[in-house]
Every structure is written in C-alpha cells, then in structure tokens.
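Chemist:
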Amino acid sequence: MAVIAANEAEVALLARLMRAEAEGDGDLGMLLVGNVGVNRVRADCLDFKNIRTIEQMVYQSPGGFEAVQKSYFYQRARPQDIALARRVIRGERFVPAERALWFFMPSGSCPAQWYGQWNTGRYKSHCFFAPLEGSCPGL
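Position 130, counted from 1, in the sequence shown is what full-length UniProt numbering calls 130; the numbers after and before it change by one each time, with no gaps.
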C-alpha cells in the first residue's frame, strides 16, 4: 500500500529525480533520495507545509532539487529506476534517510548540522539531515 498518492507520471518523475541526484551512489543511494522525496510529501511541516504531490516536491522553488536544472534529469525513466521509485512510494525506508528531509553532497565530511537540522548519516557521496523529533510528527 502506498504511503503517498502517485500516478504513473509521478512515479516516473520521482524515478528521474532519484537517478539524476544519486545514480553514482547505486540503487541504495537512489532509494535514499527517494526517501527524502517521499518524506517531503508526507511531512506537512517546516519548508514543506504546502507540498502534497510528487510534482510539487520535485519542482519546489526555492528549496527544490539541483537536478531539475540539468539535462540528465529530463531523460526518460528506465524500468529499473521506476521499480526503485515504487519501493519508496510503498513506504520502504532506508538508513540514514528514514526521516530525512534534506541531503547534499559535501566536498569533505558531513557537518553535524545543516541549516539547523541534524545529520543522520552519510551514504557514499551524500549526507542526510532530519528535523528534530516532534517538529514533524507526520514522519
């Protein structure tokens, strides 16, 4: 059962985002990015109070994703990427992004905090950050 609503176009959109943001980190890296995206749709808190769909999440401005500015993002979603997107839409969560709402690729080590949000861990090239417990009860 899905934890957020998504039609086929939105599944493909999330798949494209996951690939464009984290293909170099493999399937798990893409799943982690997918967790952040799904969490933003579910959150109803902080910077994501008016985000209710995958499309709103992907194209949020300000605060969206750098990948949407790159041509690679606009390539068609591959079947294997769509399968990964379906997994996170169904609610699969992965450490360290179970509650993460942000991630970025630092030039060095992960900072303990990023814009006041705590680091939950690193996977390959990306650091993940989650809000304090209680500030986003929907996660």
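Quick reminder that beta carbons are idealized off the backbone N, C-alpha and C, glycines included.
Where G91 and V3 are concerned, what is the direct C-alpha to C-alpha distance, given to the nearest angstrom?
Modeler: Taking the first residue of the sequence shown as position 1, residue 91 is located at position 91. Taking the first residue of the sequence shown as position 1, residue 3 is located at position 3. Each residue's Cα considered, the two are about 5 Å apart.
Chemist: Given N50, which residues of its chain have a CB within under 8 Å of its CB, disregarding the five upstream and five downstream residues?
Modeler: Taking the first residue of the sequence shown as 1, we reach residue 50 at position 50. Around N50: Q56.
Chemist: Just mark A5 as buried or exposed, buried being the case when its beta carbon has 16 or more other beta carbons within 10 Å.
Modeler: As a working mapping, residue 5 is identified with position 5 in the sequence shown. Exposed, because fewer than 16 other Cβ atoms sit within 10 Å of the Cβ of A5.
Chemist: How long is the line joining the alpha carbons of E23 and P96, rounded to whole angstroms?
Modeler: Taking the sequence shown and counting its residues from 1, the one referred to as residue 23 is at position 23. Taking the sequence shown and counting its residues from 1, the one referred to as residue 96 is at position 96. In a straight line, the C-alpha of E23 is about 17 Å away from that of P96.
Chemist: Based on Cα-Cα distance, which residue from D25, Q60, I82 lies nearest to residue 143?
Modeler: The structure shown does not extend to residue 143, since the chain spans only 1 to 139, so no value can be given for it.
Chemist: Taking the alpha-carbon positions, what's the A10 to I54 distance?
Modeler: Here residue 10 corresponds to residue number 10 of the sequence shown, with the count starting at 1. Here residue 54 corresponds to residue number 54 of the sequence shown, with the count starting at 1. Going by the sequence as given, residue 10 is Glu instead of Ala. Rounded to the nearest angstrom, the two C-alpha atoms are 6 Å apart.
Chemist: I'd like the list of long-range same chain contacts for L139, defined as Cβ closer than 7 Å, with 5 residues on each side in sequence excluded.
Modeler: Within the sequence shown, the letter at position 139 stands for residue 139. Around L139: N39, R42, A43, R99.
Chemist: How about the stretch 15 to 30 and the stretch 122 to 135: do they share at least three Cβ pairs that are nearer than 8 Å?
Modeler: Enough Cβ pairs lie closer than 8 Å, so yes.
Chemist: I'd like the span of the beta strand (DSSP E) that includes G121, first residue to last.
Modeler: Numbered from its first residue, the sequence shown carries residue 121 at position 121. Per DSSP, G121 belongs to the beta strand (DSSP E) from 117 to 123.
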